[in-house]
Structure formats: C-alpha cells, structure tokens
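**Q** Heads up: the sequence lines are chains A and B, in that order.
Taking our numbering, the leading residue of the first sequence gets 160, the next gets one more, and so forth.
Taking our numbering, the leading residue of the second sequence gets 160, the next gets one more, and so forth.
Beta carbons are placed, not taken as given, at the ideal position from N, Cα and C, and that holds for glycine.
Quick one: the structure is below, questions incoming.
Number of protein chains: 2
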Amino acid sequence: MSAAKLFVLGLGPGDPELMTVKAARILAAAPVVAFFAKRGRAGHARRIVDGQLREGAEELRFEYPFTTELSVENPRYLAEMGDFYDGCAVQLAARLQAGQDIALLCEGDPFLYGSAMYLFDRLSADYAADVVPGVTGMSGCWSRAGLPMTHGDDVLSILPATLDEARLLERLKSCDAAVVMKVGRHLPKISRVLREAGMFERAFYVERGTMEGEFITRLSAREDGPAPYFSMVLVPGRRGAR
Amino acid sequence: MSAAKLFVLGLGPGDPELMTVKAARILAAAPVVAFFAKRGRAGHARRIVDGQLREGAEELRFEYPFTTELSVENPRYLAEMGDFYDGCAVQLAARLQAGQDIALLCEGDPFLYGSAMYLFDRLSADYAADVVPGVTGMSGCWSRAGLPMTHGDDVLSILPATLDEARLLERLKSCDAAVVMKVGRHLPKISRVLREAGMFERAFYVERGTMEGEFITRLSAREDGPAPYFSMVLVPGRRGAR
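See below:
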C-alpha cells in the first residue's frame, strides 16, 4: 500500500464559509485536487474552493459523459457511468501510487448521494482513505429557510424526486418530515403528491440555498414550472411548521 | 428590534475540526456563549469549543431539569421542559436587548432534533437570528464507518429509536437506507426490528463517532446491552453494503 492518502472532502452546501476547518486545512495542503463537472461547466465543487488551493496543485477535472440526456433507467447509463468512474479511479490510483495525497472534492456530504462514493468504492480497498463529512445541502437549505425540521419522535425521510408517483406518495405517508431532492422537472409531480399526503401547505421550496441567487418561498407560492438542479423541497414536521 | 443577533451555531459531530469555518469565526467573536448541559455534566457542545471562546465571554449554562428520569409521554415532561425553555429564552432576550450578540451552541446540526430549536422558536420573531448549519452526527458516523449510505434512487429515513416496535418496523420497510438515533436502552428492540425488515446483516453500530473513545462495529457483532447516548445504528442502502 502506498503511503499517500485519498481525502474525500465534503465541502458543504455552497457557501465557502460552510466548509469545515478540517476540509479547509487538507485542501490548502493537497498536491492533487480532483472534482466532477458537467459538460461545459466549471464544476460546482470546484467553484466552492476558488482561491483556496495550494499553489501549483494539479487539478483533475472529471467531466460526466452525460447528465440528463440519458435516463437512469436506460441500461447504457449504468454501463457508461461505470466506465467513466473506472477511468477516474485509474487516474487517482496513479497519483496515489506516486505518493501524492489527493483531495477529491464533493459538494455537501460525500456519502449522501455523492458521486465521490463511486470512486471511494473503487479505491478504498487498496489505498488509505479519509472521508471528511460536510454540511449537507439540505441542512444549508433548512437553516436558511428558518425551518426546524424534526422535534421529538419525528421521522425524517429523504426522497429523490425521481421516484414514481405511487412510491413517492407511499414513502411520504410514512414520515413526519421530508426532504425531496433532485427536484428538476419533477416539481408538478411533487406538488400533487404532497397535496395528497396533506403536506403541501407546510412545504417550502429552496433554490441555491446558501449561495448567490438563493431563492426561498412557500411551495404553494411557487409556479409549477421546472426547477434548476440545486433546488429542493422541504417539509418540516408539524411542530416546525410556519 | 435590537441590533444584536442570535447565532445558532451547529458545531458538528464532535471532532472540533469538523466545525465550519463560519461557526469558528462567529464563536471567536461572541461576547455571550450559551449552551445546554445535563445535570452534573460539562455539556457536550461546550466541550467541542474548549479553548475557542473569546477572552472574557459570558457563558450561560442551561442545565436540563431532567434527562431520562421522566418519560416523554409523561404530561409533566412537556410542561416542565416548556418552562425550562421559557426561562432560557428570557436570559437570551435580556442579552440581545442589551445589544450583545449570542452564540447558542448546538452539537450536530441545529435543526435536526436540536434543543436550540426550542429557543429559536421563542426568539426568532423578535430578534435577528442566523442559523449556521453544522455537520450532522450521522454524517460524522457514516464517514468514519466508511459506509456510503445512498446511491441513485435510495430513500433514507431517520428514525428515533423511541418509536414503538410496530411503527419502527413499518417505517423501516418503506426505506432503503436508515439511521436509527437515540439508541440508548432500545438496542434489543432495534435489532429485532432490523432482523424482521431484512436489514440486520448490513447494519453498523457507531458509538462516539469522530470523538475520543470512538467504537464502530457491525451490529451483528455487538452485544445486545444498552448503548450510551452518543450512539447510532446505520443501515446503508443495498449498494453501499459491505
């Protein structure tokens, strides 16, 4: 085993000041910084750390082969994403073999729907790895919205909006508080299901929480059109409702 | 409205380095620092910030009138806790009225089962408040355990172990990944229910995650005796199972 270490760095919800002291320290010393980015974009995680890299650090930009062009249900999706992650892991392994520590950037918390998990899965058996937890996007959003989410015995569920309508409804009915992630084009479906579950009136919509261009509103006051990627719907438990 | 501000500071899961840069900055400047503590204890949140307070800062220690002596179901519990929080809010309001900013300390993230919510609820209508999100205890634990929790469409539920057995089972059956909080004396019940839900084999037990005395094991390898307060059970989604 090489002595070098893979640091999987949770960077928090977007505001650079919401990075942990530990992540900032590791970042400032890392000779190699790796991150994911969508085609044609700078990369959200990379933007959070602007101006905080060590001088001369090597940057590895991993560009997703596709984002929403191909549906997750398409068998090509899993296969091509698998190849993509394999290729990324090979590049990281080469640096670790050469004795270089790596900071692998991840918005939010790495182990909550983070792409970095797929590289951790491929490398952690052969190389030392340290996962640095981060403030999740949802914590950033509910703090900014002033929504205490769970009191006492409340159950909180985190639900990807990509679930079909029946499953989403069933899941919502068995929790007191909910976070709906990956909102995008699913907003009309989310609103319908929340109405059915009796949660619509206390739901909030948060776009770009803690970041420039932040927008927070009651879901009932928002138009039903599509939402950008960095948006989520928050349903506080009954005691946290405003 | 007074110009002073109530900062509700999430301090993260226990390791002081997992505090955010923002929380550390606010803490170092705060003339008043308030925190909860159990009877006869220093206070967990207070311990996280040892050595990081501004010189001469006033410390307000709010000691819970009881912790586990009185059951949550006892009507006296809600009434007495309500009186307790009212009294804390009065003390904070006096400082805010006098123009002093306050750092109200909170382990983990303030709006996820945090006691600070009860003071935020009482003060945020009359005083400026800024809630600084923190790394949750669960993020700290699953990072240390090396458990990627949610992939793709996985639903994650956060469940207080205080729920009765039937409800706990019902909730577990409608999620892919789960975090069971407030474990304490409920460990035997949790194990039974996880077996029934087919989740026992991939469950982990984490005690004092990110802190001194940290202990991590497969749940199946742990004795069934009672667990300390800072412990939780983590069930990764199927793709994160080890």
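With DSSP as the reference, label Y236 (chain B) as helix, strand or coil.
**A** helix
**Q** Under 8 Å by Cβ, that's how I've got A337 (chain A) and L318 (chain A) pegged, so tell me the actual separation to the nearest angstrom.
**A** So it is a contact: roughly 6 Å between Cβ atoms.
**Q** Relative to the C-alpha of R367 (chain A), which candidate in A:R377, A:C300, A:V191 has its C-alpha closest?
**A** A:C300
**Q** Please classify K433 (chain A): does DSSP put it in a helix, a strand, or coil?
**A** Absent from the structure is residue 433 (chain A), since the part of chain A shown begins at 160 and ends at 401.
**Q** Please check if any C-beta of chain A sits within less than 7 Å of the C-beta of E176 (chain B).
**A** yes
**Q** Measuring CA to CA, which of B:D383, B:R354, B:P385, B:A162 is closest to A257 (chain B)?
**A** B:A162
**Q** Is it the case that the segment 312-330 of chain B contacts the segment 309-318 of chain A, given that we only count it when at least three CB pairs across the two stretches are under 8 Å?
**A** yes
**Q** Can you name the residues that DSSP bridges to R377 (chain B)?
**A** B:F363
**Q** Specify the secondary structure class of V339 (chain B) as computed by DSSP and reduced to three states.
**A** strand
**Q** Look at the alpha carbon of A288 (chain A) and the alpha carbon of V167 (chain B), and state the distance between them as a whole number of angstroms.
**A** Rounded to the nearest angstrom, the two C-alpha atoms are 32 Å apart.
**Q** Pick helix, strand or coil for E176 (chain B), following the three-state DSSP scheme.
**A** In the structure shown, E176 (chain B) falls within a helical segment according to DSSP collapsed to helix, strand and coil.
**Q** Does DSSP put R354 (chain B) in a helix, a strand or coil?
**A** In the structure shown, R354 (chain B) sits in a helix (DSSP, three-state: H, G or I).
**Q** What separation, rounded to the nearest whole angstrom, lies between the Cα atoms of A238 (chain A) and F279 (chain A)?
**A** 18 Å
**Q** Could you tell me which uninterrupted alpha helix (DSSP H) segments, each at least 4 residues in length, are contained entirely in the segment 183-266 of chain B, listed from first to last along the chain?
**A** Residue ranges of uninterrupted alpha helix (DSSP H) with 4 or more members, entirely inside the segment 183-266 of chain B and ordered along the chain, are 203-207, 234-256.
**Q** Between the alpha carbons of G343 (chain A) and G173 (chain A), how many angstroms are there, rounded?
**A** Inter-residue distance for G343 (chain A) and G173 (chain A) is about 18 Å (C-alpha atoms, whole angstroms).
**Q** Of all the residues that make up the segment 383-394 of chain A, which are near chain B by a beta-carbon distance shorter than 9 Å?
**A** none
**Q** Sorted by chain position, which residues of the same chain lie with C-beta nearer than 8 Å to A216 (chain B)'s C-beta, five sequence neighbours on each side aside?
**A** These residues qualify, in order along the chain: A189, P190, V191, V192.
**Q** Would you check if the distance between the CB atom of A196 (chain B) and the CB atom of R220 (chain B) is smaller than 7 Å?
**A** Yes, the pair counts as a contact, with Cβ atoms nearer than the cut-off.
**Q** For M308 (chain A) and chain B, any beta-carbon pair shorter than 7 Å?
**A** Closer than 7 Å: yes.
**Q** Considering only DSSP beta bridges, list what A288 (chain B) is partnered with.
**A** B:L165
**Q** Does the separation of the CB atoms of L170 (chain A) and L271 (chain A) fall below 7 Å?
**A** no
**Q** Let me know the secondary structure DSSP gives M370 (chain A) once reduced to three states.
**A** coil
**Q** Rounded to whole angstroms, how far is the Cβ of V294 (chain A) from the Cβ of P292 (chain B), which I believe are closer than 8 Å?
**A** Confirmed, Cβ separation roughly 5 Å.
**Q** Just by C-beta distance, which residues in the segment 174-203 of chain B are closer than 7 Å to chain A?
**A** E176, L177, M178, T179, V180, K181, A183
**Q** Near A362 (chain A), what residues of its chain come up, given a Cβ to Cβ distance below 6 Å and the 5 sequence neighbours on each side ignored?
**A** L353, L378, V392, V394
**Q** With a CB to CB cut of under 7 Å and the five nearest residues on each side skipped, what residues in its chain are close to A400 (chain A)?
**A** R361
**Q** Could you pull the DSSP bridge partners for L328 (chain A) from this structure?
**A** Paired residues: none, contrary to the question.
**Q** Which residues in the same chain as Y236 (chain B) place their Cβ atom closer than 7 Å to its Cβ, once the five residues preceding and following it in sequence are excluded?
**A** In chain order, L229, S230 place their CB closer than 7 Å to the CB of Y236 (chain B), counting only its own chain and leaving out the 5 sequence neighbours on each side.
**Q** Leaving out five residues on either side along the sequence, give the residues of the same chain with a beta carbon under 8 Å from the beta carbon of E324 (chain A).
**A** K348, R351, V352
**Q** Can you tell me which of B:R206, B:S333, B:P234 puts its alpha carbon nearest to the alpha carbon of M370 (chain B)?
**A** B:R206
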